[in-house]
Each structure stands twice: as C-alpha cells, then as structure tokens.
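Under our numbering, think of the first position of the sequence shown as 163, with each following residue one higher.
Backbone N, C-alpha and C define an ideal beta-carbon position, used for all residues, glycine too.
Contents: one structure, followed by commentary.
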Amino acid sequence: MINKVVAGADEAIKDICDGQTLMLGGFGLCGIPENCIAALVKSGVKNLTCIANNAGVDDFGIGLLLQTRQVKKMISSYVGENIEFERQLLSGELEVELIPQGTLATRCLASGYGMPAIFTPAGVGTEVAEGKEVRNFNGKDYLMEYAFEADFALVKAWKGDTAGNLIFRSTSRNFNPVMAMAGKTTIAEVEELVEAGQLDPDQIHTPGVYVHRIFQGNNYEKRIEQRTVRAK
Numbered sequence: 163m164i165n166k167v168v169a170g171a172d173e174a175i176k177d178i179c180d181g182q183t184l185m186l187g188g189f190g191l192c193g194i195p196e197n198c199i200a201a202l203v204k205s206g207v208k209n210l211t212c213i214a215n216n217a218g219v220d221d222f223g224i225g226l227l228l229q230t231r232q233v234k235k236m237i238s239s240y241v242g243e244n245i246e247f248e249r250q251l252l253s254g255e256l257e258v259e260l261i262p263q264g265t266l267a268t269r270c271l272a273s274g275y276g277m278p279a280i281f282t283p284a285g286v287g288t289e290v291a292e293g294k295e296v297r298n299f300n301g302k303d304y305l306m307e308y309a310f311e312a313d314f315a316l317v318k319a320w321k322g323d324t325a326g327n328l329i330f331r332s333t334s335r336n337f338n339p340v341m342a343m344a345g346k347t348t349i350a351e352v353e354e355l356v357e358a359g360q361l362d363p364d365q366i367h368t369p370g371v372y373v374h375r376i377f378q379g380n381n382y383e384k385r386i387e388q389r390t391v392r393a394k
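This is how it looks when you write it as structure tokens:
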C-alpha cells in the first residue's frame, strides 16, 4: 500500500497551484478543513475556484481566503454570512455561481460516480437555467448540469486511519463524503488518526480508495455561525 500519511497541512497542500479548482467540505462552519485553509492562506496560492456549501464568515473558513484575495470564483449554495464576500461580489472583484444546494451535492456525487452530468428539475424556468440544456422526461422538464471537475478536494473527518478510511460526525457528513469521492486528489484532515484496521468497517463513511493524503489536524476551533440560547 502506498503511504498516504503526511506530516501536516503544509505538506498536504504543497502542490496546489494558482488557478486550480478546489472542493472544500463542511456545512456552514461545521466540518470544514480548518488546517488546510490556514495552510492555503500561508502558501499564498491565488486565483482559486472554490466549490463549497458556503463562503465561511469574514474571519474564519473560506472567509480567510477571501480576505487575502486568493479566491477568483466561488461556486456555492449559501453565502449570507460574509460581508467581505458581499463587497467583492458587488464590486465585481469576485465571480460567483449560486446554485441550489441539492444540485451542488448531486454534482459532487456525479463526479465521484464518474457520471458526466445529471438532470434535475431544480432551477427550471429560472435564471439558473439560462444558457443550459433542458430536456423533457415523461412530460416534465429537467435541467442538465455537468459534474464538477475539481483538482483537489479538501475534507475534514472525525476519525481516519492510515489507509485513508474516514468517519464523519453529524452535520459534517453533508458535503464531506461526496466531495471526498469527487476530487482528482483528495486530502483529508482528521481529529484522530489511527492505524489501519482499528476502525469498525461498518462505521466507515468514505473508503480509503478515494483518499490520497491524510493527516491528523490540531487546534480545531469548531466555531458556530450564530449561537442561539434561551434567556434565563
């Protein structure tokens, strides 16, 4: 077996180059690849196209890459928590492709399955459908959307082993597993890294065949975008 374990985020992302397309897992700020994002900021790589559920917040997540002007284009389904994102969008500094959340997930899934495209009713008859092919199946119109082509997928798991098998927790399972399947090169950071064979096979969400590099991360903040508490 080829050794997939690397020393840390800096080594894991060292061959990510200017102008490449990245998938970044997580939902909101839950399950995002915090260490990889910090390493990307430090590397100075630029003109990135980022495919993610959201654009983070101003001082965390992908928002850190937006602050340093390293992102050329965002492909997302929700971007409502980031003032700098809004500023760059309205000023024309940032290209943005907003797509329905289910379409985002399914285009990732299609890429992982080796499918070139999907057909979905989401977006038919709206601005989302402009310039795209529409086909009718059994009397209903469907919009054709291409599978994503990402140079790298950066994901974060709760546990992983040295063979690259991954286990995700709760909400972090929304986008991380499908993105892990879809990247030409998949980099996984985990909270706990164990030896191969120590994970229960029935609990594994992403098999190691999809993962090219893995490392144990550290100093996870696990922020909450908007904390709501009950008054005493």
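Among the options, the one whose alpha carbon lies nearest that of residue i
i, options, result
"Q388", "G190, F247, M343", "G190"
"G188", "D172, G254, G181, L266", "L266"
"I261", "Y240, I245, F281, S253", "Y240"
"G322", "I178, R375, T230, G254", "R375"
"G206", "G359, L228, Q378", "L228"
"E357", "F281, A342, F377", "F377"
"T282", "V290, G276, N215", "V290"
"Q263", "N336, Q232, R231, R249", "N336"
"V317", "N338, T211, T390, T268", "N338"
"M277", "E246, T268, F247", "T268"
"T211", "V296, V391, L256, A279", "L256"
"T333", "A284, K384, A169", "K384"
"S273", "A315, D362, R392", "A315"
Distance, residue j Cα to residue i Cα
i, j, result
"N209", "F310", "18 Å"
"V340", "E307", "16 Å"
"G326", "I199", "20 Å"
"Y372", "C270", "13 Å"
"K204", "Y382", "17 Å"
"Y304", "T288", "12 Å"
"P360", "V167", "The displayed chain sequence assigns Gln, not Pro, to residue 360. Cα-Cα distance, rounded: 16 Å."
"E292", "G242", "23 Å"
"N380", "Q182", "26 Å"
"Q232", "G301", "45 Å"
"M163", "N244", "Below a pLDDT of 50, predicted positions are generally treated as unreliable, and M163, at 46, falls in that range; no measurement from the model is reported."
"N215", "K394", "34 Å"
"V286", "F299", "13 Å"
"A284", "E295", "13 Å"
"F222", "D180", "21 Å"
"K234", "R331", "31 Å"
"L226", "I386", "16 Å"
"I175", "F247", "24 Å"
8 Å contact criterion, which residue i and residue j should meet: CB distance rounded
i, j, result
"M236", "A344", "That belief does not hold up - the Cβ atoms of M236 and A344 are roughly 17 Å apart, past 8 Å."
"L328", "A342", "7 Å"
"I178", "A312", "In fact, because the Cβ distance is near 11 Å, the residues do not count as touching under 8 Å."
"A171", "A201", "4 Å"
"V258", "L252", "Not confirmed; about 10 Å, so no contact."
- Message: Quick check for students: name the residue ranges of the beta strand (DSSP E) that lie wholly in the stretch 284 to 336, counting only runs of 3 or more.
- Response: Runs of the beta strand (DSSP E) spanning 3 or more residues and lying entirely within the stretch 284 to 336 occur at 296 to 299, 302 to 308, 312 to 323, in chain order.
Problem set entry | Cβ pair count under 8 Å reaching 3, the stretch 193 to 208 against the stretch 349 to 364 | The stretch 193 to 208 makes contact with the stretch 349 to 364, as at least three CB pairs between them are under 8 Å.
Q. Are there three or more Cβ pairs, one per stretch, closer than 8 Å when the stretch 368 to 384 is compared with the stretch 312 to 327?
A. As far as the Cβ criterion goes, the stretch 368 to 384 touches the stretch 312 to 327, which means the pair count is three or higher.
Query raised in the report: What are the start and end residues of each continuous beta strand (DSSP E) run of 3 or more residues lying completely inside the stretch 243 to 287, in chain order?
Result: 257 to 260, 279 to 282
Contained beta strand (DSSP E) runs [length at least 3] in the stretch 197 to 245, N- to C-terminal order:
210 to 214, 233 to 238
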